[in-house]
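Numbering (the numbering used here), first residue to last: 220 to 554. The beta-carbon is built from N, C-alpha and C at its ideal position, and this holds for glycine as well. Here the structure is a predicted model, which means the values were calculated and not measured. Below: the structure, in C-alpha cells.
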C-alpha cells in the first residue's frame with residue numbers, strides 16, 4: 220500500500236517507488252496527495268555537487284567530443300602574454316565546427332540540422348510511414364532497387380513503376396472526362412431552362428393552340444437535351460467546347476462511361492421493380508424460426524432501429540413481443 224500522507228520520500232524504499240501511484244499529466248501535483256514525489260526542503264548547497272561553471276564546462280566538453288571539435292593550440296606569443304589563461308584557452312572553441320562536418324557556413328549546417336530534425340520527429344515519422352503504407356497498397360517500388368539490393372534488376376522495377384503510372388494516368392483521364400461530361404450536362408440543362416423561361420415570358424397568353432405549340436416545343440427541347448447529354452452540346456460555354464471528343468482515345472473513354480451509366484440505370488430500374496421482401500414470417504414463432512436466429516438477424520441493425528420494428532403492424536408487434544428470449548439476447552449484458 221502507498222505510504223501515509225505525512226511520509227517522507229527517503230522513508231520509501233527505492234525498489235518500491237515505481238509501484239506508487241503517479242499523478243496524471245494534466246493534474247497539478249499536490250504535496251499532500253503524492254508526498255513521495257517531493258524532496259523535503261533542504262538547503263540548496265547540500266543538493267548541488269558542483270557550481271554552475273563546472274556543470275557548463277562538462278556540457279561543453281561533452282558537446283565537443285560528440286561533434287569531434289579539435290581545440291586550437293595556444294601559440295608562443297599567447298603563452299608568453301597570457302600564462303594564467305592557458306587552461307581557459309584550451310576550453311575555448313575557436314574552430315568552425317561546421318567545416319569539420321562538411322558545411323561551408325553555419326547557416327548551411329543549421330538548415331541541414333533543422334531538416335534532419337523535422338524528418339526524424341515522431342509526428343513526421345508516423346505521417347511518412349502512413350503515406351508509405353498507402354503507396355505500397357498501390358505499387359511496390361523497393362527502396363534498394365537502384366543498387367539492386369533486393370535481388371531484382373533495376374530495369375524490371377522501373378518497368379513495374381512505369382506500368383503503374385500508365386494505369387494511374389488512364390484512371391485519371393477517365394475521372395477527368397467524367398467531370399467534363401457532368402459539367403456539360405449541367406450547362407445544357409441550364410441553357411435549356413433559360414430558353415424555356417424566355418419563351419414563357421414572350422407568350423403570356425395561353426390558349427389551345429399556344430398550348431399545343433408549347434407541348435411541341437417542349438418535345439423538341441427534350442430531344443435537344445437528349446442529344447446534348449449524349450455528346451458535348453453546342454450551347455455549352457466556350458470553355459467546354461474545346462473538350463469535344465476529337466480523338467479515338469476520348470471516344471473510347473466516352474464509350475466506357477456511357478456503358479457504366481447504362482449499367483447503373485439498369486441496376487436502379489431492377490431495384491425499383493423488385494417487390495418488397497416480406498420478413499414477417501421471421502418473427503412468427505409458430506412458423507419455426509428460433510429466437511437465436513432472429514436475434515442474429517436483428518444484430519445487423521442499429522439498436523435504435525429495434526424499437527421501430529414494433530410499429531410495422533399489430534400482428535408483427537404482437538409476435539415480436541412474445542419472443543422474450545430474443546429481446547433478452549439483444550439486450551446488453553449489463554442489463
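**Asked** Counting Cβ pairs, one atom from each stretch, are 3 or more of them under 8 Å apart for the region 470–479 and the region 503–512?
**Response** Flag = no, the region 470–479 and the region 503–512 do not touch.
**Request:** Counting only runs of 4+ residues fully inside the region 453–539, write out the alpha helix (DSSP H) ranges in chain order.
**Result:** 457–460, 467–492, 510–517, 522–525
**Asked** Where does residue 339 sit, in a helix, a strand or coil, going by DSSP?
**Response** helix
**Prompt:** Quick one: is residue 542 buried, meaning 16 or more other Cβ sit within 10 Å of its Cβ, or exposed?
**Reply:** Residue burial is scored here from C-beta neighbours: residue 542 has at least 16 other C-beta atoms within 10 angstroms and is therefore classed as buried.
**Message:** Rounded to whole angstroms, what is the Cα-Cα separation between residue 535 and residue 497?
**Reply:** Taking the straight line joining both Cα atoms gives about 11 Å.
**Message:** Going by DSSP in three states, residue 372 sits in which element: helix, strand or coil?
**Reply:** Here residue 372 sits in coil by DSSP.
**Prompt:** Using 8 Å as the threshold, is the region 275–288 in touch with the region 312–331, meaning 3 or more CB pairs across them?
**Reply:** yes
**Cβ distance (whole Å) where residue 472 is taken to contact residue 386 below 8 Å** = Contact flag wrong, Cβ pair sits at about 14 Å.
**Message:** With distance defined between alpha-carbon atoms, name the residue in 373, 516, 466, 415 nearest to residue 500.
**Reply:** 516
**Item:** Where residue 320 falls: helix, strand or coil (DSSP)
**Value:** coil
**Asked** So is the beta-carbon of residue 329 under 6 Å away from any non-hydrogen atom of the ligand NAP?
**Response** No copy of the ligand NAP appears in this structure; indeed no ligand is present at all.
**Request:** Determine the closest residue to residue 506 out of 338, 330, 539, with distance taken between C-alpha atoms.
**Result:** For the options 338, 330, 539, the alpha carbon positioned closest to that of residue 506 is the one of 539.
**Message:** Taking 7 Å as the threshold (C-beta atoms), are residue 352 and residue 343 in contact?
**Reply:** no
**Message:** Helix, strand or coil, according to DSSP, for residue 550 in the structure here?
**Reply:** coil
**Which of helix, strand or coil DSSP assigns to residue 270** = coil
**Request:** Ignore the nearest five residues each way along the sequence and tell me which others in residue 281's own chain have a CB closer than 7 Å to its CB.
**Result:** none
**Prompt:** Does the Cβ of residue 399 have 16 or more other Cβ atoms within 10 Å, making it buried, or fewer, making it exposed?
**Reply:** buried
**Prompt:** Does the Cβ of residue 395 have 16 or more other Cβ atoms within 10 Å, making it buried, or fewer, making it exposed?
**Reply:** Counting Cβ neighbours within 10 Å, residue 395 comes out exposed, since fewer than 16 surround it.
**Request:** Using 10 angstroms around the beta-carbon of residue 502, count the other beta-carbons present and answer buried if the total reaches 16, otherwise exposed.
**Result:** Of the residues assessed, residue 502 falls on the buried side of the cut-off, its CB having 16 or more other CB atoms within 10 angstroms.
**Request:** Find the nearest neighbour of residue 547 within the set 488, 273, 409, 518, judged by alpha-carbon distance.
**Result:** 518
**Prompt:** Is DSSP giving residue 398 helix, strand or coil here?
**Reply:** helix
**Request:** Could you check what DSSP says for residue 348 in three-state terms: helix, strand or coil?
**Result:** helix
**Message:** Taking its Cβ as the centre, do 16 or more other Cβ atoms sit within 10 Å of residue 407, making it buried, or is it exposed?
**Reply:** buried
**Item:** Three-way DSSP call (helix, strand, coil) for residue 172 in this model
**Value:** Outside the shown range of the chain (220 to 554) lies residue 172, about which nothing can therefore be said.
**residue 277 versus residue 349: straight-line alpha-carbon distance, rounded** = 41 Å
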